[in-house]
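Presented below is the structure to which this report refers.
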Amino acid sequence: MPIQDYGAVCDISVLTDQSSLKKAQGFFKNSGLYIPNPTYSWLSRSKLIEVRHQTVKYSLIKQLVEERIIYPTHLPELYDEISRQIMFNTDNNVALTDLRGLLLSAHLQLPILSFDSNLLERISKEIGILTIQKFETATNWLTVRNVLELYRELSYTSGKYFLKELENGKDFSKIIEKIAQTERENIKKIKNSIREINQEHDNSKTLQFHYLAWDITPSIIEYHEESILLPEVLQRVCERCIILRGLR
Numbered sequence: 000m001p002i003q004d005y006g007a008v009c010d011i012s013v014l015t016d017q018s019s020l021k022k023a024q025g026f027f028k029n030s031g032l033y034i035p036n037p038t039y040s041w042l043s044r045s046k047l048i049e050v051r052h053q054t055v056k057y058s059l060i061k062q063l064v065e066e067r068i069i070y071p072t073h074l075p076e077l078y079d080e081i082s083r084q085i086m087f088n089t090d091n092n093v094a095l096t097d098l099r100g101l102l103l104s105a106h107l108q109l110p111i112l113s114f115d116s117n118l119l120e121r122i123s124k125e126i127g128i129l130t131i132q133k134f135e136t137a138t139n140w141l142t143v144r145n146v147l148e149l150y151r152e153l154s155y156t157s158g159k160y161f162l163k164e165l166e167n168g169k170d171f172s173k174i175i176e177k178i179a180q181t182e183r184e185n186i187k188k189i190k191n192s193i194r195e196i197n198q199e200h201d202n203s204k205t206l207q208f209h210y211l212a213w214d215i216t217p218s219i220i221e222y223h224e225e226s227i228l229l230p231e232v233l234q235r236v237c238e239r240c241i242i243l244r245g246l247r
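Numbering (numbering that gives the first Met the number 0), first residue to last: 0 to 247.
Quick look at the structure:
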């Protein structure tokens with residue numbers, strides 16, 4: 000599974016102007032900022048796109064791609080298909096661009112960086128979203144490494160639970176409650192480690208990190224019922240039920 004060591008996937012709100020992009024770079028210096036390749040392809044064809052009343056210009060993003068600041072990144076066909084299925088299941092009330100960004104971040108196991116505090120609140124009106132844990136921390140590489148370590152462990156644990164419960168039809172909130180209980184000590188350990196690092200390093204740049212679970216199981220249940228995917232592949236798909244949001 001392609002895991003990046005550092006960086007973030009950019010929500011549309013990060014791509015709207017030079018100021019927002021510079022802010023994003025400040026949080027993740029010397030690391031990658033990623034966008035789904037289908038989004039970049041759409042932008043290159045249209046030259047100007049609008050998502051949730053936010054406009055993105057191709058000329059700006061193209062320049063940053065050439066400077067290797069932004070990386071258009073392959074979104075596996077399976078996740079693009081799931082993105083479309085979620086969009087159809089919500090009667091097109093969630094933008095495909097947003098869904099692709101969220102699934103790319105989960106696939107790379109990196110945070111989805113957003114400057115739009117209402118992004119997931121809007122999505123939660125269509126898709127159930129529950130918070131597992133959240134905290135604010137400096138964005139030096141030591142703290143982010145801990146943040147990502149916890150994210151990856153939560154994803155793996157969650158994938159196993161969701162795969163087991165897909166057939167049983169167990170309530171989504173009950174599964175998340177079980178995951179939070181299972182990972183309680185690990186969460187505590189990581190939070191203490193981050194607290195110690197923050198005390199030792201003076202870093203004024205901070206981000207709020209939210210570990211969230213979004214209920215995309217209605218859009219992936221068919222893969223289980225029809226035995227379309229191998230169990231190990233389906234478990235990785237189930238791991239995408241956990242997302243990490245970086246918000247400022």
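By construction, the Cβ of each residue, glycine as well, lies at the ideal position given by its N, Cα and C atoms.
Keep in mind that this is a model prediction, so the values were computed, not measured.
| Item | Value |
| --- | --- |
| Residue 141 versus residue 5 - alpha carbon distance | 10 Å |
| Distance, residue 30 Cα to residue 169 Cα | 39 Å |
| Whole-Å CB distance - residue 7 paired with residue 112, under 8 Å assumed | 4 Å |
| Environment of residue 227 [buried if 16+ CB atoms lie within 10 Å] | exposed |
| Presumed contact (8 Å Cβ cut-off) between residue 85 and residue 215, rounded CB distance | 6 Å |
| Start-end ranges of the alpha helix (DSSP H) lying completely within the stretch 4-46, minimum 4 residues | 17-26, 36-45 |
| Cut-off 7 Å between Cβ atoms - residues of its own chain near residue 63, not counting five sequence neighbours on either side | 20, 69 |
| N- and C-terminal bounds of the beta strand (DSSP E) containing residue 245 | 241-246 |
| Collapsed DSSP secondary structure at residue 226 in the structure displayed | coil |
| Beta carbon of residue 157 nearer than 9 Å to that of residue 238 | yes |
| Short Cβ contact (9 Å threshold) for residue 236 with residue 131 | no |
| Inter-residue CB distance, residue 89 and residue 53 (contact presumed, cutoff 8 Å) | Incorrect: roughly 19 Å between the Cβ atoms, too far for contact. |
| Contact check, residue 102 vs residue 74, beta carbons under 9 Å | yes |
| In chain order, each alpha helix (DSSP H) run of at least 4 residues that lies wholly inside the stretch 157-228 | 171-181, 183-199, 216-224 |
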